[in-house]
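Written below as structure tokens is the structure these notes are about.
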Amino acid sequence: MFEARHTMEAPTTTSADKGASGGDDGSGWFASRAYPETPPSGERETPGTTDPALSQISVRRPALEAGPSRDAALIRRTMAEVAPIADKVTSYFYALLFVRHPELRSLFPAAMDTQRDRLLRALLTAAEHIDNTEVLVAYLQNLGRGHRKYGTRAEHYPAVGECLIGALSRYVSAIWDEETEAAWVRAYTTMSQVMIDAAAADELRSPAWWYAEVVSHELRTRDIAVITVRPDQPYPFLAGQYTSMETPWWPRVWRHYSFASAPRSDGLLTFHVKAVPAGWVSNALVHRARPGDIIRLGPPTGTMTVDHTTDSGLLCLGGGTGIAPIKALVEDVAEHGVRRRVEVFYGARTGHDLYDIDTMLRLQHNHPWLAVRPVVDEQARVQLPDAIRAYGPWNEYDVYLSGPPGMIRSGVHVLRNVGVPSERIRHDSVEELILADVQGP
Ligand SMILES: NC(=O)C1=CN([C@@H]2O[C@H](COP(=O)(O)OP(=O)(O)OC[C@H]3O[C@@H](n4cnc5c(N)ncnc54)[C@H](O)[C@@H]3O)[C@@H](O)[C@H]2O)C=CC1
1 MFEARHTMEA
11 PTTTSADKGA
21 SGGDDGSGWF
31 ASRAYPETPP
41 SGERETPGTT
51 DPALSQISVR
61 RPALEAGPSR
71 DAALIRRTMA
81 EVAPIADKVT
91 SYFYALLFVR
101 HPELRSLFPA
111 AMDTQRDRLL
121 RALLTAAEHI
131 DNTEVLVAYL
141 QNLGRGHRKY
151 GTRAEHYPAV
161 GECLIGALSR
171 YVSAIWDEET
181 EAAWVRAYTT
191 MSQVMIDAAA
201 ADELRSPAWW
211 YAEVVSHELR
221 TRDIAVITVR
231 PDQPYPFLAG
241 QYTSMETPWW
251 PRVWRHYSFA
261 SAPRSDGLLT
271 FHVKAVPAGW
281 VSNALVHRAR
291 PGDIIRLGPP
301 TGTMTVDHTT
311 DSGLLCLGGG
321 TGIAPIKALV
331 EDVAEHGVRR
341 RVEVFYGART
351 GHDLYDIDTM
361 LRLQHNHPWL
371 AVRPVVDEQA
381 RVQLPDAIRA
391 YGPWNEYDVY
401 LSGPPGMIRS
411 GVHVLRNVGV
421 PSERIRHDSV
431 EELILADVQG
441 P
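So the sequence shown is numbered by full-length UniProt numbering: it starts at 1 and just counts up by one.
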């Protein structure tokens, strides 16, 4: 069996679960420029610190030239080789991990099918942005914070890194050489350090997860429920963000749901859940959950939030349960009290599937700046994104897309077509959405 020739460096900050201090400074990444102190819009976090442990990391990080680096090229080449055989590589990786480190098995769900996609997605995303310090560091920090709820600790990262390199070297042996391995060791060490630091910093300000009690459960259609929960402690978030949820029936299986309301004074959180075929978590939430049940919530995440520094109009497209965060955004605009035009196109397959239309029409009734336009597939001659062509112009609007991945893709296409600049278009990652509805085996 392959043994990594380079030893994984031990993390430089102490474990996230030991109350270590740490910051979110991602300086010293592949490029020479420093990571900016202000995170991308919507990210709520404290600026980077000058923790001595971190300056130590900067020194130890690879000092590479700005621009596309040799390491980045080698990593991209590996990932291009891995892509067509991703399933095999990830299966082998987990086999290696659980044989060498059986104590880590309990951190993962009993059924590993969906987990496999997650590792690969994380790697592909990291490889894709390896030359874009800002995007990559923000992504990894988020990943590090999100890993706290799994019970991940700093000392787990070297084990994962060794098995990852073991799996890669075995399956891309044709191009694997010492230089490639050294590039992976450097990249993984740096990436895991960003995650560890972000987790440690997050530990100082918020719990790894929240317990929440279901306080109401309303079946709106045969397969859609509106569920309201009360977290056991304050849960700060922004309208337009989403969270991860674990039910008592499927331990360690987490699924993403958007907040369907802006933050409320009573602290309650509402979600719209559609039971998808073989979707374990969604079926449990729709058909099994009842008031009194206790679920777990991960931290809030996502950047599909309203920029309150401008008064541009908002164009919102919500397809199916994708209307949930759109409703939260409308409430957010209403609470800020600034008169700005908000146009919502709400798409569904049938009139019956417009399960939240009464709420949206009530909001329209109360707010003269809001227009809500239902688009029902079986009545409209065009699909949701195309429906916006009959209105506009939209090039001065900030646009929010929320719904199935196909709708997001075609929505971006239509919007670009009608002249909306890409920097004005916001939506959650399509990959996240695909994972949100992941099927069981
Ligand atoms: N529950 C939640 O909090 C959230 C859910 N989502 C995602 O929204 C989706 C909702 O699923 P369903 O309610 O079953 O929606 P659905 O599949 O019934 O689609 C809703 C509407 O979106 C439009 N649409 C769908 N596919 C399209 C395509 N390829 N091109 C153009 N328009 C298209 C159509 O107008 C359709 O009626 C899921 O993928 C879910 O992950 C997104 C954000 C939040």
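Just so you know, even glycine gets a beta-carbon here, dropped at the ideal spot from N, CA and C.
Neighbourhood of residue i by C-beta, 8 Å cutoff - its chain only, sequence neighbours within 5 removed
i: Leu219; result: Ala225, Val286
i: Pro207; result: Gln233
i: Pro231; result: Trp210, Tyr211, Ala212, Gly267, Leu269, Leu297
i: Met294; result: Correcting the residue identity first, residue 294 is Ile in this sequence and not Met. Tyr211, Ala212, Glu213, Val214, Pro248.
i: Gly392; result: Val418
C-alpha distance - residue i paired with residue j, whole-angstrom precision
i: Glu343; j: Ser410; result: 18 Å
i: Gly322; j: Arg373; result: 15 Å
i: Thr125; j: Val399; result: 24 Å
i: Ile130; j: Val137; result: 9 Å
i: Ala110; j: Gly292; result: 25 Å
i: Ile85; j: His365; result: 54 Å
i: Glu178; j: Val99; result: 25 Å
i: Ser91; j: Ile75; result: 20 Å
i: Thr180; j: Thr189; result: 14 Å
i: Val229; j: Ser265; result: 14 Å
i: Glu423; j: Arg105; result: 42 Å
i: Arg255; j: Arg340; result: 33 Å
i: Thr350; j: Ile357; result: 12 Å
i: Arg363; j: Leu354; result: Sequence inspection shows Leu at residue 363; the Arg mentioned does not correspond to that position. About 15 Å.
i: Arg389; j: Leu361; result: 22 Å
i: Ala324; j: Thr243; result: 13 Å
i: Pro421; j: Arg170; result: 44 Å
i: Arg205; j: Tyr157; result: 22 Å
i: Asp377; j: Pro385; result: 11 Å
i: Ser192; j: Glu396; result: 40 Å
i: His413; j: Arg426; result: 13 Å
Beta-carbon proximity of residue i to residue j, cut-off 7 Å
i: Val338; j: Asp311; result: yes
i: Ala284; j: His217; result: no
i: Leu238; j: Thr303; result: no
i: Leu107; j: Gly151; result: yes
i: Phe345; j: Ala278; result: no
i: Met245; j: Tyr257; result: yes
i: Ser261; j: Ala212; result: no
i: Pro404; j: Gly319; result: yes
i: Trp250; j: Trp280; result: yes
i: Gly116; j: Ala199; result: Correcting the residue identity first, residue 116 is Arg in this sequence and not Gly. Contact flag unset, no.
i: Asp113; j: Ala183; result: no
i: Pro263; j: Arg145; result: no
Cβ neighbours of residue i in the same chain (closer than 7 Å, five flanking residues each side left out)
i: Asp223; result: Lys274, Ala275, Val286
i: Leu96; result: Cys163, Gly166, Ala167
i: Val172; result: Thr78, Glu81, Val82
i: Ala334; result: His367
i: His101; result: Ala159
i: Ala63; result: Per-residue confidence for Ala63 stands at a pLDDT of 35, beneath the threshold of 50, marking its modelled position as unreliable; no derived number is given.
Identified DSSP bridge partners for residue i
i: Ile227; result: His217, Phe271
i: Arg373; result: Phe345
i: His156; result: BP columns for His156 are empty, so no partner.
i: Met245; result: Arg255, Leu297
i: Ile425; result: Val399
i: Leu314; result: Val342, Asp398
i: Gly406; result: According to DSSP, which records beta bridges pairwise, Gly406 is partnered with nothing at all.
i: Trp210; result: Leu297
i: Gly319; result: Gly347
Sequence-distant residues of its chain with Cβ nearer than 6 Å to residue i (five each side left out)
i: Arg44; result: Legend: pLDDT at Arg44 = 27, less than 50; position of this residue unreliable, no value from coordinates given.
i: His308; result: His336
i: Ser429; result: none
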